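Step one of this worksheet: look at the structure below.
In my numbering, the protein residues as written are 110 to 257.
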């Protein structure tokens, strides 16, 4: 017999996040149930974080020596989101290691005070050629520390 789960995740306020990115929903994001399909949320997590890193000048997707590979991801859903609704992604860093980072992303209906969904993913930063873990470059680490 397993123990009951006592730490049920719940929605979080905007103040829990350090940076925000707009997300544009698309007609094709909705599923047969009239809301955004669950797999789309994972794409939004990845898009929000990588767009933020590109804007900060610490991610070169075409020529950078270091790239982040996703090794873990998870999401909890609290309220539906649907096209044509505007969405905002809140971003924070929960854990910063030598070569890894755990991002936490909250998805908000535009202007809503609490998350409709929240999740996380873990990047391990590796050498582009060898795919072996490498320490986070100093400029990247500095940007990530601002998200803690």
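Ideal Cβ placement from N, Cα and C applies to all residues, glycine included.
Everything numeric in this text was worked out from a predicted model, so none of it was measured.
Alpha carbon to alpha carbon, what distance is there between residue 200 and residue 226? For the purposes of this step, residue 226 is taken as the residue at position 117 of the chain shown. For the purposes of this step, residue 200 is taken as the residue at position 91 of the chain shown. Going by the C-alpha atoms only, they are around 12 Å apart.
Could you name the residues of the same chain whose beta carbon sits closer than 8 Å to that of residue 134, not counting the 5 residues immediately before and after it, in chain order? Residue numbering aside, residue 134 sits at position 25 when the chain shown is read from its first letter. Contacts found: 145, 190, 191, 192, 193, 194, 195 and 196.
Opening and closing residue of the beta strand (DSSP E) in which residue 186 lies: Residue 186 sits at position 77 when you count from the first residue of the chain shown. Looking at the DSSP string, the run of the beta strand (DSSP E) that includes residue 186 is 175 to 186.
Mapping DSSP to helix, strand and coil, what is residue 132? Translated into positions along the chain shown, residue 132 becomes position 23. In the structure shown, residue 132 sits in a strand (DSSP, three-state: E or B).
Just curious, the beta strand (DSSP E) that residue 208 is in, first and last residue? Sequence index remark: in the chain shown, residue 208 carries index 99 (1-based). Taken as a continuous stretch (DSSP letters only), residue 208 belongs to no beta strand (DSSP E), as it is neither H nor E.
When you compare the region 215 to 223 with the region 115 to 125, are there three or more beta-carbon pairs, one atom per stretch, that lie closer than 8 Å? yes
CB contact check: residue 156 to chain C, cutoff 8 Å: Looking at the structure shown, chain C is missing, and only one protein chain is on hand.
Distance CB(residue 156)-CB(residue 243) smaller than 8 Å: Locating residue 156 in the chain shown gives position 47, where the first residue counts as 1. Locating residue 243 in the chain shown gives position 134, where the first residue counts as 1. No. Outside cutoff.
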